[in-house]
Amino acid sequence: MKVARADSKTELLDLYRHMKLIRVFEEACAQQYMRGKIRGFLHLYIGEEAIAAGAIPLMQPQDYVITHYRDHGHALARGMDPNAAMAELFGRATGSSKGKGGSMHLMDGSVNMMGGYAIVGGQIPLGVGLAMACAHRGDESLVLCFIGDGALNEGEFHEGMNLAAIWNLPIVIFCENNLYGMGAPVSEVLAAKDIYKMAEPYGIPSMQIDGMDVLAVRSAMVEVYEHVRSGKGPYFVEALAYRFRGHSMSDPAEYRHKDEEALWRQRDPVPTFHAYLLGEEGVSEAELDAVDAEVDAQVEAAVEFANASPEPDISELASDIIGS
26 MKVARADSKT ELLDLYRHMK LIRVFEEACA QQYMRGKIRG FLHLYIGEEA
76 IAAGAIPLMQ PQDYVITHYR DHGHALARGM DPNAAMAELF GRATGSSKGK
126 GGSMHLMDGS VNMMGGYAIV GGQIPLGVGL AMACAHRGDE SLVLCFIGDG
176 ALNEGEFHEG MNLAAIWNLP IVIFCENNLY GMGAPVSEVL AAKDIYKMAE
226 PYGIPSMQID GMDVLAVRSA MVEVYEHVRS GKGPYFVEAL AYRFRGHSMS
276 DPAEYRHKDE EALWRQRDPV PTFHAYLLGE EGVSEAELDA VDAEVDAQVE
326 AAVEFANASP EPDISELASD IIGS
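Add 25 to the 1-based position in the sequence shown for my numbering, that's all there is to it.
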């Protein structure tokens, strides 16, 4: 684990808490999906928790997050209420979008979580638009726009990078490279060998980071945010990570070799950081157990809240739509 010391034990425990909340929440989602409580598509973030936990809590309240459909971890790290998130997944009236958005469209304007998007790459032009608004306000706010490796072959990626560079916009385009676009290895569908270097033709600075190491992510993003806030323009980040589940709950991931998965499992960010805190930072087992218990109770309460929440009223069919 890369050593990038946090300011205090409290901050270290907060990093662990963010990762643990995402992990336990996602595991609960898988259970509720199998029980038929969550329907439709469900894309889990298990294995990639260090990215959201290391990058998002460093942001300022006026900043924006916009992302792809594997969005639960981003929403939770940005501060979305787990109750509202779980209720949204259940399709209940108390959900963050009154049950209308579901798993792929978690959105909460109160924390500037501007939503997950089901169209691959579709969030990039919107992120660039948000960055234009930030530049117009002139308040040093920025946009963190997450994309998956599958978005790199979409025209929106190149159009967005070009406009961000031309207009010197305050946006971080952050590629979560989990090595597979659905069932296709990135190496078989993308000519570029080093994804982070795809920013070079646009004159955008970039870096590749270890997305399985929360401290490495945190350390890198301190530098990235400083660059963007200082008016130096956009930044492109590639984080290497691994999802431990299939593309979605309907994907058994049989296209991956067991040996490959076993190697990545050795670097699972949650237990790895747990061990680091115990061995290197003097955090006690009791302190970590307390965080675990807190998170378990929080997620259990979220499931109970969602299960007890009402279905949307039939009148909601005609609300929140454009036109008549």
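For glycine and all other residues, C-beta sits at the position ideal for the given N, C-alpha and C.
Rounded separation between residue i and residue j - CA only
{"i": "Ile63", "j": "Val239", "result": "29 Å"}
{"i": "Leu167", "j": "Lys34", "result": "28 Å"}
{"i": "Gly116", "j": "Met132", "result": "14 Å"}
{"i": "Leu20", "j": "Ile76", "result": "With the chain covering only 26 through 349, there is no way to say anything about residue 20."}
{"i": "Gln148", "j": "Ile198", "result": "10 Å"}
{"i": "Ala241", "j": "Arg254", "result": "20 Å"}
{"i": "Lys283", "j": "Tyr41", "result": "28 Å"}
{"i": "Cys159", "j": "Glu310", "result": "43 Å"}
{"i": "Pro195", "j": "Leu155", "result": "9 Å"}
{"i": "Gly208", "j": "Ala278", "result": "7 Å"}
{"i": "Pro107", "j": "Glu305", "result": "31 Å"}
{"i": "Ala224", "j": "Ala266", "result": "19 Å"}
{"i": "Glu341", "j": "Arg281", "result": "42 Å"}
{"i": "Ser231", "j": "Tyr250", "result": "12 Å"}
{"i": "Gly307", "j": "Leu313", "result": "11 Å"}
{"i": "Arg228", "j": "Met138", "result": "Residue identity differs from the one stated: residue 228 is Gly in this sequence, not Arg. Between Gly228 and Met138, the C-alpha separation is close to 28 Å."}
{"i": "Tyr205", "j": "Asn178", "result": "13 Å"}
{"i": "Leu302", "j": "Asp293", "result": "14 Å"}
{"i": "Ala55", "j": "Phe66", "result": "11 Å"}
{"i": "Gly236", "j": "Gly175", "result": "17 Å"}
{"i": "Met246", "j": "Ala53", "result": "29 Å"}
{"i": "Ala216", "j": "Ser275", "result": "28 Å"}
{"i": "Val136", "j": "Asp345", "result": "20 Å"}
{"i": "Trp192", "j": "His161", "result": "11 Å"}
{"i": "Ile81", "j": "Met105", "result": "12 Å"}
{"i": "Ile172", "j": "Glu263", "result": "10 Å"}
{"i": "Ile47", "j": "Pro226", "result": "36 Å"}
{"i": "Ala100", "j": "Ala322", "result": "19 Å"}
{"i": "Leu218", "j": "Gln233", "result": "Checking the sequence, you will find Lys at residue 218 rather than Leu. Taking the straight line joining both Cα atoms gives about 12 Å."}
{"i": "Met44", "j": "Ala78", "result": "6 Å"}
{"i": "Met129", "j": "Gly180", "result": "21 Å"}
{"i": "Asp39", "j": "Phe50", "result": "16 Å"}
{"i": "Ala331", "j": "Pro337", "result": "12 Å"}
Exposure of residue i, with buried meaning 16 or more beta-carbon neighbours within 10 Å
{"i": "Glu73", "result": "buried"}
{"i": "Ser334", "result": "buried"}
{"i": "Met26", "result": "Here Met26 scores only 48 on pLDDT, less than 50, and its place in the model is too uncertain to base an answer on."}
{"i": "Ala315", "result": "exposed"}
{"i": "Asn202", "result": "buried"}
{"i": "Arg290", "result": "exposed"}
{"i": "Gly124", "result": "buried"}
{"i": "Leu288", "result": "exposed"}
{"i": "Glu286", "result": "exposed"}
{"i": "His68", "result": "buried"}
{"i": "Ser121", "result": "buried"}
{"i": "Val28", "result": "Only weak support exists for where Val28 lies, its pLDDT of 45 falling under 50; the value from the coordinates is given anyway. By the neighbour-count rule (16 or more Cβ atoms within 10 Å), Val28 is not buried but exposed."}
Paired residues, beta bridge with residue i - DSSP
{"i": "Glu201", "result": "Gly173 and Ala264"}
{"i": "Asp133", "result": "Met138"}
{"i": "Ile347", "result": "DSSP output for Ile347 lists no bridge partner at all."}
{"i": "Gly206", "result": "Ala209"}
{"i": "Ile196", "result": "Val168"}
{"i": "His383", "result": "Beyond the ends of the chain as shown, which are 26 and 349, falls residue 383; an answer cannot be given."}
{"i": "His93", "result": "Tyr142"}
Delimiting residues of the alpha helix (DSSP H) encompassing residue i
{"i": "Met111", "result": "Pro107 to Phe115"}
{"i": "Gln87", "result": "Premise fails: Gln87 is in no alpha helix (DSSP H) and is neither H nor E."}
{"i": "Ser212", "result": "Val211 to Val214"}
{"i": "Tyr142", "result": "Where Tyr142 is concerned, there is no enclosing alpha helix (DSSP H), although the beta strand (DSSP E) it sits in stretches over Met138 to Tyr142."}
{"i": "Glu184", "result": "Gly180 to Ile191"}
{"i": "Asp317", "result": "Glu310 to Ala333"}
{"i": "Ser244", "result": "Val239 to His252"}
{"i": "Tyr41", "result": "Lys34 to Met59"}
{"i": "Met157", "result": "Gln148 to Arg162"}
{"i": "Ala278", "result": "Ala278 -> no alpha helix (DSSP H), and no H or E assigned at all."}
{"i": "Gly79", "result": "Glu74 to Ala80"}
Residue span of the beta strand (DSSP E) that contains residue i, given as start and end
{"i": "Asp293", "result": "That residue, Asp293, is in no beta strand (DSSP E); it is neither H nor E in DSSP."}
{"i": "Ser231", "result": "Ser231 to Asp235"}
Cβ-heavy atom distance, residue i to the ligand FAD, below 7 Å
{"i": "Glu319", "result": "Of ligands this structure carries none, so the ligand FAD is not represented either."}
Problem - Any 3 or more C-beta pairs closer than 8 Å across the segment 90 to 102 and the segment 133 to 148 - result: yes
Exercise for the section: Spell out a yes or no on whether the segment 161 to 179 and the segment 79 to 92 are touching, meaning 3 or more CB-CB pairs, one atom from each, closer than 8 Å. Expected result: yes
Problem - Three CB pairs or more closer than 8 Å across the segment 315 to 332 and the segment 97 to 111 - result: yes
Exercise for the section: Please confirm if the segment 55 to 62 is in contact with the segment 149 to 162, defined as three or more CB-CB distances below 8 Å between the two stretches. Expected result: no
Practice task
Flag this pair as touching only if the segment 183 to 194 and the segment 257 to 272 have three or more C-beta atom pairs under 8 Å; answer yes or no.
Solution key: yes
Problem - Cβ contact (3+ pairs, closer than 8 Å) linking the segment 270 to 284 and the segment 297 to 304 - result: no
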